[in-house]
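The sequence shown begins at 1 in this note's numbering and counts up one residue at a time.
Glycine included, C-beta positions come from ideal geometry on N, C-alpha and C.
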Amino acid sequence: MERDTPSKLGKAKPRSYERPRGGPARSMAELTPQVGRTAFRRFGFVQSSVVTRWPEIVGEHHAKVCSPEAIRFAPGEKADGILQLVVLPAHAPLIQHVIPEIIERVNRFFGYKAVARVKLRQGSVNPPRGEAPVGGPPSLKPIPIELGDSLRDIGDPELRAVLESLARSLGGQEDTK
């Protein structure tokens, strides 16, 4: 083998560092599921929507007394898992009787037989978040006069409704200051 000498190689210019480009800018809505995905998977949830849509899956009555804690699958499997629920102690016998219905509803939500068993743990359950407005519907609040006249000229009814809602909220803030 012949040795490389500096006279044969010449001096190579060092390349300047270029930061790898991440592509186009993405909206927060696209990034948010990725942030929560690892936390939900850590607790056994393949889909985070099981937690967020729990009242839809089992019904409002059962969602008040139980909540999903984790879904555990055998290694390498995504079917026939164990759904772990936290249940209020006084309601555990009731939930025990409706376990077949909960399994059916969760499997219907997934679209395949994701859950085969349910494991109950007694503990405190955070009630599902209420969507009810606190101070009554905003449509009953009057629109400030100086803002209401300019909104009548807007032709799109959906845009007008959104802007009227914004005007009502701005009008309410001025009164409280």
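Between the alpha carbons of F110 and A63 lies a gap of roughly 18 Å. For R72, there is no enclosing alpha helix (DSSP H); the enclosing beta strand (DSSP E) has its first and last residue at C66 to R72.
The residue from P93, E77, R108 and D80 with its alpha-carbon nearest to that of C66 is P93. Secondary structure within the region 74-109: the alpha helix (DSSP H) runs of 4 or more consecutive residues, fully enclosed, are 92-97 (chain order).
Bridge pairing for K119: Q84 [DSSP].
P89 and Q122 do touch by the CB rule: their CB atoms are close to 4 Å apart, below 8 Å. Note on L159: under 16 other CB atoms within 10 angstroms of its CB, so exposed under the neighbour-count rule. DSSP places V58 in the uninterrupted alpha helix (DSSP H) bounded by W54 to V58. Rounded to the nearest whole angstrom, the C-alpha separation of V118 and R26 is 39 Å. Cβ contact annotation for V58 (same chain, cutoff 7 Å, sequence separation greater than five): I102 and R105, in chain order.
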